[in-house]
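Visitor: Residue numbers (the numbering used here), protein chains in the order written: chain P, 1 to 343; chain D, 1001 to 1343; chain L, 2001 to 2343; chain F, 3001 to 3343.
Okay, here's the structure, questions in a sec.
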């Protein structure tokens, strides 16, 4: 059993972490912090946790957190970087679900996130927590930068094609649709049911913060800069991301189904669907799986990859737990083996 | 480990049984039948089960089913009664999630269900599977009639008041709101998203099949016939029942909170919320819990009970598993200890 | 053509007023105010108005507003009372969609709304704008207090029964279900899609501000104090209220269908459905109609009335326009004759 | 006033036609047919029409229909072609909302629709009813093939670029998201709320029937065959299509905003949004408008066009009425000037 702390437990990734960790056989939840809710029992804020979690929110305190084996940051960007260095110095491992350590280039980070990075020297130390790419490095990492939700769905979808050099990497297109929980649990007009239900819209077409993260990840794999057009859409549902990916094939594409099946054969959380399938986001609701299918419409030279995840699980808290499992030598699927709720 | 069979696995209670049973530590899923889908792998119909359930639908065959320790019927009314007798004779225990054995009076059953009852003599043998009322009888039962979804929410809400004789039982009112999954997974215009989304309506106000079942249950507890007005409503969501119950108090009602807490203190799946609470159906999404709160608005003589369940879990498949646990001496919460998905 | 002003046009009742008034044959929209959005074209905030409304939000200014024939207040309570007196003095008629003038007893108002009433002497002058009850008084009113959304659905449902003295008025029950737009268009966690979608809950069971308003209305009709238990519920949809009303009949109830049909025969916006019907809220989406049906389940002594409206139309902006039509001698249905969107 | 008939009024495009036509100043609804519902008052099936439409469904009868000036077919493919010839012969004009006359090549039609075309010689006579392309021809047409919903959104989005030859027409991509009403109002498991709510999926990636229609339309404009990858998605909402279009620019793209504004300056139902906008489908809910915005992310060579319509209005019944207006010399916006419901 390891002692686990969570910083910032009042958002959607926080409550999802609590749900996953409280059922984890190797974890003892020790601390959960929230400045705004200090003193409140967690189960008063999230009634689904009644009878399962008896923790009380406390003020964040680095010394207390340093008593944990690992601390998760389920916070907006700009929070984790202020405490991570102190924790890592005291040998507490850190898994940041926020964006602070995702971009290796501090200047680029500052440009997209609009604030100064206070720990630029830690960027090289952070491991990007996509196990399907960085499993070995994750195992020994002190600091994990958990991927964003869109980047997870998009990278897992494109990965085999780019690793094998099978598509034109100058003109990648990712058309992604996300449920509204991606906007977080904070007071806003833009995510009211009255505003987003019964409607569909694209947003941030000019540039979304997940764009440089995806480009960095795919460029690393490609060994050269890739060009990506990324258009996120807000979809009237709570959970789920459906990424529809388009690329121009260099060759025939006849082996793609086999390529994907082989690439992900040993991955516990990537499911390559049978040829001709259309994965639904509901098939991964509440679970850590990414389901992928591959299409080449009309046998042309455009490949279409469909990739679905639950943005709060494989796109955030579940992936964070998967990283923790790797870091501490637990079974990779520990605490993550439930079945999606359907319907 | 016991061997379990399921008859009728293509509906919503069927897939929910599969989800719950495939994570159950004492269960081996042996058979799942479907006339219409015989030969199809279950996970092809329900992609959430990919990687978890590798069964194939088969034609229903009593001899094969009789090789199981227990068989669940997740079928429309009229199916279970034709096979239950044969199974029970061969010492296979039967848990019917349908309505065939819920009403003890065969004539009354025939009147509400519009068909002949082929096994009226089994009605007295069947145990009504509401553990909070019939736990002892359930343990040794050969044949369980699982309560309907509305009856579960309504009875658990009214029970303490009626047991103690604290309300006028001639004028009970149950205003119940159900998600659309209660209508089942069958082709129909009435449950299309285009018909029921963004709308609210009552239905079957003149008389719903769950009315005689609730009246039978409450009358048994009251020791006399109760009078109930029951109005079900279709709510634009997938899962959940919210029952709002009204009764006229005979006395002051000042002890009701304590009464409910005491009545359900040892019940693993009934959660009496703090005074002043408003339970949300989402707080029980996917789990077997019934959450209840008690209100006496403006200190008057009308008591308002709020009772929420997931219609597919405590209202169907979860309760069926709870019954199975009792019948086979497993921990009552075995396979039923997950946390509701929220958001 | 009359000149119309709107104070507070950034909420849901504001945009709905704009939609209805911009298609009204007798109205010229002259002013729309918003402190927070002054200078912004209305159609930039509400893109559905592009090409239909070219007004710009302006700072509220009593002198400018006094140049209008009528001013609508689509504001939270506490705003209209500060400007209404000045406007009425200058012969501008006022229609308040908020709560400031709905309760005739200033002390009672202050108790429920938690603030001092600054114009208590105007309360007796205000006409409660429910045309089905106060049509004559409305025609000559200077100041209209538009009914709340729940009070409209509940009063129209109970009215014929209470006028005729056919039910026990000590134990009225109103179980009401509202779409989320009733919570308004303001930043809040409680109305996020992630919080309220796929869930159902009661709220304010201990006491909702619409309770004293309904009691006042029904008591006036009854000629004595009525007793009402009112339980509002939040429903996962944008628009619509479904009120399910329960009362104990004094007599047989055999004439109720005819009574309702007769009572509302000349009402352009109340539709008594055929016996046995179940009105759906979607059947009034976007229109000013209230649809009602009457049931006496199992021929007992409990009557069940189903009453549905669109909370933003008959429950707010449509009813306000209906009042305006009466005040200025227009056809009562002018600007209100469109058909509900379905599906 | 013209006499109008509708064949097949029980689906979603049928009820939407009724809504639009019953408010049309130049139209008298004379006949509405339905084999399955003959004898039923229309308002019994669609309660939103109560008080507005008093027609009764009748058996389809060509002689009766031939007494109309124009007959709309709101039927599945394969129905209109059997009656259109007879009607046109008797000088009744025909507007087919179905697919029978959309594809000029009978062989191609038969390949995609899987049945024989019984009136191939009428294909050349039919005018494709997209007014923004074919306004002149529509005015004198006897037979209109109304465009499909996806084809309307996609063609209006791509049109200016292709007319001016500004993009690579070999690699067009249309990623389209549709509400569930696009699947029609017929009993099916696939469109149940329990199946499609809270989920997102692509479908028919291998080939959707709207693909050849779009390709035909764009190729005609381009003067050569275009290559299109078309991926439709099912979105958990009732109405609306959001088409996200991708193309590779040949030149700089700096003039695109002006180009679109100019191209559609005189179009009453195409609204080019300001640069940087993200149109929402709800902004056109219930109205005949197509809203478009143009983006060139990061100033690259990929142009992204966002195009939204209401699939039942501009994508079906509204466009049909627009065609009728042109055919009979009415104002093009007659009966189509309402404002979208928002929220």
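Even for Gly, the Cβ is constructed at its ideal location relative to N, Cα and C.
1. Cα separation between residue 176 of chain P and residue 3233 of chain F?
2. Strictly under 8 Å for the Cβ-Cβ distance: is residue 2295 of chain L near chain D by that measure?
3. Excluding five sequence neighbours on each side, which residues of the same chain lie with their C-beta closer than 6 Å to the C-beta of residue 1120 of chain D?
4. With distances taken from CA atoms, which of D/1051, D/1018, D/1025, D/1013 is nearest residue 333 of chain P?
5. Can you confirm whether the region 2269-2279 of chain L touches the region 1189-1207 of chain D when touching is taken to mean that 3 or more C-beta pairs between the two stretches lie within less than 8 Å?
6. Quick check on the burial criterion: 16 or more other C-beta atoms within 10 angstroms. Buried or exposed for residue 118 of chain P?
7. Starting from residue 280 of chain P, follow its DSSP beta bridges and name the residues at the other end.
8. Within its chain, find whatever has a CB closer than 8 Å to the CB of residue 2223 of chain L; leave out the 5 residues flanking it on each side and keep chain order.
9. Could you work out which residue in F/3188, F/3179, F/3254 is closest to residue 3238 of chain F when comparing CA atoms only?
10. Leaving out the 5 sequence neighbours to the left and right, which residues in its chain are closer than 7 Å to residue 1330 of chain D when beta-carbon positions are compared?
11. Would you grab the beta carbon distance between residue 1214 of chain D and residue 1228 of chain D for me? Rounded to a whole angstrom, and I think it's under 8 Å.
12. Return the chain-ordered list of same chain residues with a C-beta closer than 6 Å to the C-beta of residue 3173 of chain F, the five sequence neighbours on each side being excluded.
13. Would you tell me roughly how many angstroms separate the C-alpha atoms of residue 1 of chain P and residue 318 of chain P, rounded to the nearest one?
14. Nearest-angstrom Cα distance between residue 2078 of chain L and residue 3250 of chain F?
15. I'd like to know whether the C-beta of residue 262 of chain P is nearer than 8 Å to at least one C-beta of chain L.
16. Are the C-beta of residue 2289 of chain L and some C-beta of chain D separated by less than 8 Å?
17. At which residues does the alpha helix (DSSP H) containing residue 2220 of chain L begin and terminate?
18. Which residue or residues does DSSP assign as beta-bridge partners of residue 1003 of chain D?
19. Bridge partners of residue 1158 of chain D, per DSSP?
20. Return no unless some Cβ of chain P is closer than 8 Å to the Cβ of residue 3128 of chain F.
21. Kindly indicate the opening and closing residues of the beta strand (DSSP E) around residue 1249 of chain D.
22. Comparing alpha-carbon positions, which option in P/56, P/31, P/285 lies nearest residue 3200 of chain F?
23. If you measure from the beta carbon of residue 3194 of chain F to each beta carbon in chain L, is any gap under 8 Å?
24. In chain F, what lies closer than 8 Å to residue 1189 of chain D by C-beta?
25. With residue 2176 of chain L as the anchor, note down where its alpha helix (DSSP H) starts and where it stops.
26. What is the C-beta distance between residue 3080 of chain F and residue 3063 of chain F, in whole angstroms, given that I count them as a contact (C-beta under 8 Å)?
27. Apart from the five residues on each side of it in sequence, which residues of its chain come closer than 6 Å, Cβ to Cβ, to residue 2086 of chain L?
28. Identify every run of the alpha helix (DSSP H) within the region 1094-1169 of chain D, keeping only runs that are complete inside it and at least 4 residues long; order them along the chain.
29. Establish whether the CB of residue 3177 of chain F and some CB of chain P are separated by less than 8 Å.
30. Provide the residue(s) that pair with residue 295 of chain P in DSSP beta bridges, ordered along the chain.
31. Would residue 2282 of chain L pass as an interface residue toward chain D - the criterion being a Cβ-Cβ separation below 8 Å?
32. Measure the beta-carbon distance from residue 1307 of chain D to residue 1157 of chain D and round it to whole angstroms, keeping in mind my assumption that it falls under 8 Å.
33. Could you list which residues in chain L have their beta carbon closer than 9 Å to that of residue 3034 of chain F, in chain order?
34. Taking C-beta pairs closer than 9 Å, name the residues in chain D that residue 23 of chain P reaches, listed in chain order.
35. Just checking: is the beta-carbon of residue 2292 of chain L within a distance shorter than 8 Å of some beta-carbon in chain D?
36. For residue 206 of chain P, decide whether its Cβ has a neighbour in chain F, counting only Cβ atoms nearer than 8 Å.
Guide: This is what the structure holds:
1. 11 Å
2. yes
3. 1106
4. D/1051
5. yes
6. exposed
7. F/3201
8. none
9. F/3179
10. 1026
11. 6 Å
12. 3229, 3246
13. 18 Å
14. 59 Å
15. no
16. no
17. 2210-2222
18. D/1028
19. Paired residues: none, contrary to the question.
20. no
21. Here residue 1249 of chain D belongs to no beta strand (DSSP E), and DSSP marks it neither H nor E.
22. P/285
23. no
24. 3185, 3186, 3187
25. Looking at the DSSP string, residue 2176 of chain L is not in any alpha helix (DSSP H); the run it does join, the beta strand (DSSP E), is 2172-2178.
26. Residue 3080 of chain F to residue 3063 of chain F, Cβ: 17 Å. No contact.
27. 2062
28. 1106-1113, 1131-1139, 1149-1163
29. yes
30. P/304
31. yes
32. 3 Å
33. Within chain L, no residue comes near residue 3034 of chain F; the closest Cβ sits about 17 Å away, beyond 9 Å.
34. 1337, 1338, 1339
35. no
36. yes
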